[in-house]
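Undergrad: Mind looking over this structure? Questions follow.
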Amino acid sequence: MDNQKVFAMSFSKIYPLYVQKAERKSRTKKEVDEIICWLTGYDPETLQAQIDRNVSLQTFFEEAPQMNPKAALIKGVVCGVRVEEIDDPLMQKIRWLDKLVDELAKGKKMEKILRVF
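Residue numbers (this note's numbering): 1316 to 1432.
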């Protein structure tokens, strides 16, 4: 899929998929929200506002209050691509979030997911 199509996707359509993925593995919506807020700097209220506004992934990340400086520590493969090797900054942010939700669904402890070392 071309990057522009991904960037234009509605965050409010993707968000429930993250929650479903986590819940299928006995994790919670609250944990998904915590991960998203940790990565982007949104608080629960502003996160919900972005969902309600039906913003695109591009707008969601452009309006993020502050990307977590520890996001650079996110490493691994998502969709066959190493997240640390993605050149496009927006695509890298999207894949960072995908990777964090994957880690949650795989049962990692929140401290490890949030890079609290």
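Glycine included, every Cβ here is placed at the ideal spot set by N, Cα and C.
#1: Report the rounded CA-to-CA distance for Arg1342 versus Met1425, giving the unit in angstroms.
#2: Whole angstroms is fine: what's the gap from Glu1399's alpha carbon to Lys1414's?
#3: Less than 8 Å between the CB atoms is what I'm expecting for Val1334 and Lys1344, so what's the real figure, rounded?
#4: Taking the alpha-carbon of Pro1380 as reference, which of Lys1340, Gln1365, Gly1391 has the nearest alpha-carbon?
#5: Look at the alpha carbon of Ile1351 and the alpha carbon of Asp1417, and state the distance between them as a whole number of angstroms.
#6: Determine the closest residue to Ala1323 out of Ile1389, Ser1371, Leu1412, with distance taken between C-alpha atoms.
#7: Using three-state DSSP, classify Arg1342 as helix, strand or coil.
TA: Let's see:
#1: 11 Å
#2: 11 Å
#3: The Cβ separation is near 5 Å, so the contact holds.
#4: When C-alpha distances from Pro1380 are compared across Lys1340, Gln1365, Gly1391, the shortest belongs to Gln1365.
#5: 13 Å
#6: Ser1371
#7: coil
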